[in-house]
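Residue numbers (the working numbering): 41 to 170.
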């Protein structure tokens, strides 16, 4: 009886994940499709990402473009930019497309994380789904 219950829980979980990604795509399609970047500080971070891409994997400590020179790796969070560069290097996506893909995928992956956390805490998928 427990194996059948676990099987249906897994099916229910995959249905929930598909619904989460479908809702995220429906709401965030404009962010995912296109070539322009939206946001106030996006172009500043995009410039840092281009700098990381230029010297990847040996990113220099000093960043002469910003404010007459600052330390890039110590002053700014560079992990997200590095993820964007790695995604663009292993796939045939441009920096802008990988920037948009990672930005879009952060929302449904965060929602799936909340779903799994609530599932583990409440021990009931129907309560979590509501």
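C-beta atoms are modelled at their ideal positions from N, C-alpha and C, and glycine is treated no differently.
**OP:** Can you tell me which of 91, 82 and 148 puts its alpha carbon nearest to the alpha carbon of residue 111?
**Re:** 91
**OP:** Label residue 162 either buried or exposed according to how many other C-beta atoms from any shown protein chain fall within 10 Å of its C-beta, with 16 as the threshold for buried.
**Re:** exposed
Original post:
If you drop the 5 nearest sequence neighbours on each side, which residues of the same chain put their C-beta closer than 8 Å to that of residue 72?
Top reply: 65, 140, 141 and 144
**OP:** Using a threshold of 7 Å, state whether the C-beta atoms of residue 113 and residue 101 are closer than that.
**Re:** yes
Original post:
Between residue 131 and the rest of its own chain, which residues show a CB-CB distance below 8 Å, the 5 nearest in sequence each way excluded?
Top reply: 138
Original post:
Using the beta-carbon count (16 or more within 10 Å), is residue 128 buried or exposed?
Top reply: buried
**OP:** Determine the DSSP secondary structure at residue 111, reduced to helix, strand or coil.
**Re:** strand
Original post:
Excluding the five sequence neighbours on either side, which residues of its own chain have a C-beta within less than 7 Å of the C-beta of residue 48, listed in chain order?
Top reply: none
Original post:
Is it the case that the Cβ atoms of residue 60 and residue 151 are separated by a distance below 7 Å?
Top reply: yes
Subject >> 8 Å Cβ shell around residue 135 - same chain, five flanking residues per side excluded >> reply: 86, 89, 90, 93, 124, 125 and 128
Original post:
Helix, strand or coil: how does DSSP classify residue 116 here?
Top reply: coil
**OP:** Specify, as a first and last residue, the run of the alpha helix (DSSP H) that residue 153 falls within.
**Re:** 135–162
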